[in-house]
Structure formats: structure tokens, C-alpha cells
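Numbering (this note's numbering), first residue to last: 2 to 502. A virtual CB, placed ideally from N, CA and C, is assigned to each residue, including glycine. These figures come from a predicted structure and were not determined experimentally. As C-alpha cells, the structure follows; a few thoughts come after it.
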Amino acid sequence: MILLINPPLVKPSEPPPGLARLYGTLGAHGIGCEVIDANIEGVLHLLGKGSLERDSWTMRAVRNRARNLELIRESRSRLNRDRYKRAVSDLNRLLGKSAAGQARLTLSNYQDPGLSPVRSADLLRAAEKYESNPFHDYFSQRISRAIELKSPGVVGISLNFLSQALTAFSMMGFIKAHYPGMRVVLGGGLVTSWVRGPDWRRPFDGLADSVVSGPGERALLGLAGVEWSGERPYSYAPFHWGHYLSPGRILPYSASSGCWWNRCAFCPEKAEGTRYDPASPKEAVREVRRLCSTHRPDLIHFVDSAMSPALLSRLSENPPGAPWYGFVRMTRRLAEEEFCRALKASGCVMLKLGVESGAQSVLDAEGKGMELGLASKILHTLKKCGIGTYVHLLFGSPSESEAEARKTLDFTVRHASCIDFLNLAVFNMPVNSVEAKSLGTSPHYEGDLSLYTGFRHPKGWDRLKVRRFLESEFKKRPAIAEILSREPPLFTSNHAPFFVS
Ligand code: SF4
């Protein structure tokens with residue numbers, strides 16, 4: 002028996018797809034498995050605990066907790082943007098206050114003022130002082146109950162985001178203190194990135210019995226003495242759909258790992274050398290249809306780094322059975338009205354698009370492989386076909402100067418009528434990228450586990466100047482401010498498809 006845990010805190014909007022796949026795969030190989038989504042359970046526990054603070058906002062948030070949980074889970078047809086925003090804001094207030102004095106919590110992040118998740122010494126400290134973690138009351142009881150009832154031989158901790166790291170280590174510290182003979186396996190996307198980084202020195206050897214890089218199926222089956230057959234089916238059986246904070250059931254699914262393009266200079270996937278490993282589109286769509294007929298989701302979230310053109314084609318001909326969205330590269334077919342109408346008919350409600358820059362020179366230098374003329378045509382075509390657009394822009398890359406950033410501003414304003422949502426990111430230099438090697442670098446996050454490094458910008462367009470430009474100019478343009486005001490607070494793109502008009 003293997004116990005798998007998804008630690009807090011990530012946006013509690015949907016079940017974790019990695020654990021759904023591990024659970025399904027272990028089950029298909031005859032290995033008993035128990036899953037705890039400690040993220041949603043932990044968040045609900047803290048929300049239920051309330052707060053001792055007596056200011057009027059917190060008291061309102063406590064008073065309206067049950068109603069706000071209902072409002073945020075209201076079905077799409079009854080969703081009201083203002084009520085939704087107020088509910089999110091109040092629940093966020095309550096969560097933050099429930100952990101006051103221990104950590105800074107929001108519905109999408111966990112920060113500890115004294116400990117950094119990119120410093121291995123701090124993570125080991127979080128493991129030692131596990132009782133100070135705000136989720137300790139919850140996880141100590143929950144994990145003990147699961148271990149005592151199910152007697153697992155292995156506990157697997159799935160760590161995918163920095164915001165989970167400190168609590169993941171607190172949980173490991175608790176398990177080792179109370180069940181010293183228990184085998185603890187640490188894996189997940191973030192752990193994979195750490196292990197593949199240039200400075201990995203195995204700092205957790207005394208705490209984790211195994212640290213797994215890449216998909217965990219083979220390693221976990223190996224611990225059970227079973228050979229992996231190559232089958233990796235999903236199963237969402239252990240998850241409680243009604244718990245998640247979303248206006249409908251969201252079923253996440255990944256049809257690939259890595260990226261089929263894999264050429265963007267700024268991309269961490271490329272810098273880490275992640276291999277592209279897709280499922281066949283036919284198999285992927287068949288599996289999504291199977292999952293839809295079992296779970297009846299309101300939305301499918303394709304979590305691939307970039308959905309492949311073959312998968313999009315397959316979906317356009319074989320609707321998966323529920324509305325869907327995902328991240329795509331801007332390829333020629335997306336400029337074809339007929340194709341986009343077929344995508345829309347298959348349930349596509351929104352596409353996330355990496356436009357990144359409005360300057361062709363930047364796109365070329367960063368290896369985006371995209372013409373701005375095509376991007377423009379795609380945005381207009383998607384709008385015409387009724388598919389929402391969530392556009393990602395990136396500022397401060399080494400090939401950008403202020404002049405190019407202004408071109409991005411102009412491009413965005415010109416296409417504002419075709420953009421439903423905007424994500425603005427400031428460039429981070431992946432620590433092991435080719436560009437990092439050619440520019441003068443310096444520690445950025447000051448941690449041995451940091452995936453990014455500081456660098457001397459060759460055009461003097463540093464992060465401070467970029468941020469100033471974004472705040473004082475870019476976000477102030479009325480057409481852009483209007484787009485930004487539509488963004489679902491905290492849940493951002495995870496809830497945006499519910500708000501596409
Ligand atoms: S398309 Fe996205 S995931 Fe693929 S290489 Fe470019 S940035 Fe990376």
C-alpha cells in the first residue's frame with residue numbers, strides 16, 4: 002500500500018493531475034494506493050477554523066464563510082462577477098488571518114517570512130519545526146489516521162510548486178518524527194527541476210529515502226517490486242469534486258510532458274532538457290472521453306506546456322465531451338476560420354497563447370518561431386469564432402529594450418478587442434539556459450535550489466525599469482486596464498474560462 006499526498010498550497014480549484022495519473026497507474030498494476038489531497042483539505046480546514054481577529058472585514062468574512070464557499074462554487078450559468086470577486090476576496094482574507102503569525106497565506110500562495118523554499122537549509126528547518134506550520138493541526142491528524150488505518154509501506158509526497166515546498170517538508174518532518182521506519186519518497190515537477198539543476202547536491206538524503214526525478218510511476222512500482230507495463234491511465238476516483246473552489250468541476254489532463262516546440266530561449270523546459278513525450282492524440286482523446294463520461298466535468302483543463310497541433314486536430318474532429326481549454330502555440334491552422342469553428346464546436350472555450358512580445362526582433366531572438374502578422378490574424382479569427390483568448394506577454398528578456406516593450410504596448414492596444422485576459426510576466430533567467438552562460442549572472446533568489454539567476458541586462462532594461470514601465474504606463478492604458486480588470490482574482494486563468502462571454 003502506498004500513500005500519496007498533495008501538500009498545500011496551490012490554487013485549490015481542481016484535483017492534482019499528477020496524483021490522478023499515479024493512482025490510476027498503481028491501481029492498473031494491482032498496487033493498493035490511498036491519496037490525500039492535503040491542499041484542498043488543508044485550505045478548507047483553515048477556512049473552517051476562522052480567526053480571532055475582530056476587524057470588520059475579517060468578521061464579515063467569518064460570518065459569510067459558508068455563503069462565500071457556495072458562491073465561488075456557483076455554476077457558470079448563475080455566476081455573477083461581482084459576487085464572485087467579493088467571495089474570493091473574503092475567503093482569501095479568512096485564509097490569511099487563520100495563519101496570521103505563522104505564515105502569509107493566500108488562496109494561491111504560501112510564504113514564510115523566515116524561511117525560503119529555494120534554500121535547502123530552510124526546507125530542512127521546516128521539517129524540524131513541523132509543529133509551527135499553519136497546517137500542522139490538520140496534517141498531523143490526517144496523516145496519522147491514514148497511516149494507522151491503511152498501514153502503507155511508502156508515503157509519496159508530490160511537490161510541483163514552490164508554494165508547496167515548506168509544507169511538504171513540514172509533513173516529511175512530521176512523518177519521520179512519528180513513524181521513523183516509514184519510507185518517504187519525494188517527487189513531482191519541482192523536485193525534477195531541482196535534481197536536473199547544475200547545483201544539485203542531494204541535500205535531503207537524511208530526510209527523504211528516495212528523491213525521484215521525472216514521472217514517478219516507474220520508481221513507485223519498482224519499490225513495490227512490480228515492473229511498469231507502459232500503461233499510465235488516469236483515475237480521479239479518490240478526489241471529492243464538491244470540495245474544490247471553482248464554479249464547476251474542473252478535470253485537469255495532460256496529453257504530453259515537455260514541449261513539442263522546445264526552442265524558446267527563455268523556457269525552463271528547454272533549459273532543463275525535458276524530453277517531449279506525447280501520448281498518441283487518439284489515445285489521449287479516448288481517455289479524456291472516458292474520464293468525462295465517468296466524472297461529468299464542467300471544464301477540461303489541458304495542462305500540457307503546449308497542446309500539439311495533432312491533438313488540436315483530433316479534438317476538432319472528436320469532441321471530448323465537455324468544454325475545454327489549454328495552452329497552445331500560435332500555428333497557422335489557428336488562423337483558419339473553419340478550423341477554429343470546429344475547435345469551438347468541440348467545446349474549446351478559451352486558448353492560452355504565448356504572444357510574449359509585440360516586437361518581431363524579440364520573437365526572433367528568443368526563438369519563438371512566430372510572425373506577428375500571424376499572431377494578429379489568429380487573435381482576430383479566435384474572436385470571430387467565439388473562442389476566448391488568454392494572452393501571455395513577457396517583458397525584460399535579454400533581447401528587449403524599452404523601445405521593444407513599447408511595441409508590445411502598441412500591439413496589445415491594437416488587439417485589445419480580441420484579448421479577453423492578459424498575463425504579464427517579467428523575465429526570469431533559467432539558471433542553466435544558454436543565455437545565462439553568455440551573460441554575466443549573479444544569484445537572484447539567493448538559494449541553492451533557485452531555478453533562476455540574476456543577470457546583467459545587455460540593454461540596461463533591468464527588472465526595476467520593467468516593473469516601473471508596467472505599473473506607470475502599460476497597465477494604465479485604458480484598453481489594457483479594461484482587460485486586466487476582467488482577471489479572476491487569485492485564481493486567474495484557472496477560473497477565466499468560466500468568465501468568457
Ligand atoms: S512554447 Fe512554451 S513550453 Fe514550448 S519551448 Fe516555448 S516557452 Fe517553452
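{"Item": "Y391 lies in the beta strand (DSSP E); which residues open and close that run?", "Value": "G389 to F396"}
{"Item": "When burial is assigned at 16 or more other CB atoms within 10 Å of the CB, is M351 buried or exposed?", "Value": "buried"}
{"Item": "Considering Cα atoms alone, identify which of D411, A88 and G231 is closest to A67.", "Value": "A88"}
{"Item": "Using a Cβ-Cβ cut-off of 8 Å, state whether S255 counts as contacting chain B.", "Value": "Chain labels in this structure do not include chain B; a single protein chain is all it has."}
{"Item": "Please work out which residues of its chain come closer than 6 Å, Cβ to Cβ, to R120, disregarding the five sequence neighbours upstream and downstream, and give them in chain order.", "Value": "G448"}
{"Item": "Any chance the CB of S255 is under 7 Å from a heavy atom of the ligand SF4?", "Value": "no"}
{"Item": "Which same chain residues end up closer than 8 Å to L222 when comparing Cβ atoms and leaving out the 5 residues on each side of it in sequence?", "Value": "T26, L27, H30, I32, E228 and W229"}
{"Item": "Mind listing, in chain order, the residues whose beta carbon lies closer than 6 Å to a non-hydrogen atom of the ligand SF4?", "Value": "C260, W262, N263, R264, C265, C268, E270, K271, S306, A307, R330 and G355"}
{"Item": "Leaving out the 5 sequence neighbours to the left and right, which residues in its chain are closer than 7 Å to R290 when beta-carbon positions are compared?", "Value": "P321 and G322"}
{"Item": "Quick one: which unbroken beta strand (DSSP E) runs of 3-plus residues sit fully inside the stretch 416 to 467? Chain order, please.", "Value": "422 to 427, 442 to 444 and 453 to 456"}
{"Item": "If I measure Cβ to Cβ from E372 and keep anything under 6 Å in the same chain, skipping five residues before and after, which residues do I get?", "Value": "none"}
{"Item": "Taking only three categories from DSSP, how would you classify G188?", "Value": "strand"}
{"Item": "Taking 6 Å as the limit between beta carbons, can you name the residues of its chain near S171, skipping five residues before and five after?", "Value": "A127, Y131 and N134"}
{"Item": "Classify T275 as buried or exposed, calling it buried when 16 or more other Cβ atoms lie within 10 Å of its own Cβ.", "Value": "buried"}
{"Item": "Using only alpha-carbon positions, find the residue among L423, I3, C265 and S164 that is nearest to P114.", "Value": "S164"}
{"Item": "Assuming W229 is part of the alpha helix (DSSP H), what are its boundary residues?", "Value": "Counting along the chain, W229 falls outside any alpha helix (DSSP H), and DSSP gives it neither H nor E."}
{"Item": "With distances taken between CB atoms, is the gap from L383 to C341 smaller than 8 Å?", "Value": "yes"}
{"Item": "Excluding sequence positions up to five away, which residues of its chain have a Cβ less than 6 Å from the Cβ of E232?", "Value": "A29"}
{"Item": "Quick one: Cα of R82 to Cα of S418, how far?", "Value": "20 Å"}
{"Item": "Taking 8 Å as the cut-off, does the stretch 47 to 54 touch the stretch 96 to 107 (at least 3 CB pairs, one atom from each stretch)?", "Value": "yes"}
{"Item": "Which of the three DSSP states, helix, strand or coil, is assigned to R79?", "Value": "helix"}
{"Item": "According to DSSP, is K12 helix, strand or coil?", "Value": "coil"}
{"Item": "Run through DSSP, which three-state label would M60 get?", "Value": "helix"}
{"Item": "Closer than 7 Å by C-beta to R464: which residues in its own chain qualify, once you throw out the five before and the five after it? Chain order, please.", "Value": "G397 and V427"}
{"Item": "Identify, in the order they occur along the chain, each residue of the same chain with its Cβ nearer than 7 Å to the Cβ of K408, setting aside the five sequence neighbours on each side.", "Value": "G359 and A360"}
{"Item": "Taking the alpha-carbon positions, what's the L208 to K345 distance?", "Value": "49 Å"}
{"Item": "Return the first residue and the last residue of the beta strand (DSSP E) that Q112 is part of.", "Value": "N110 to Q112"}
{"Item": "Report yes if the C-beta distance between F422 and I484 is below 8 Å; otherwise report no.", "Value": "yes"}
{"Item": "Who are the Cβ neighbours of A285 in its own chain at under 7 Å, not counting the five residues just before and after it?", "Value": "A256 and L312"}
{"Item": "In terms of residue numbering, what span does the beta strand (DSSP E) encompassing F303 cover?", "Value": "L300 to M308"}
{"Item": "When you compare each of P118, S76, W58 and K86 to L95 by their alpha carbons, which one comes out closest?", "Value": "W58"}
{"Item": "Going by DSSP, what residues sit across from C34 in a beta bridge?", "Value": "I3"}
{"Item": "Per DSSP, what are the beta-bridge partners of V212 in this structure?", "Value": "L187"}
{"Item": "Rounded to whole angstroms, what is the Cα-Cα separation between Y391 and T493?", "Value": "10 Å"}
{"Item": "Do V156 and L395 have their C-beta atoms closer together than 8 Å?", "Value": "no"}
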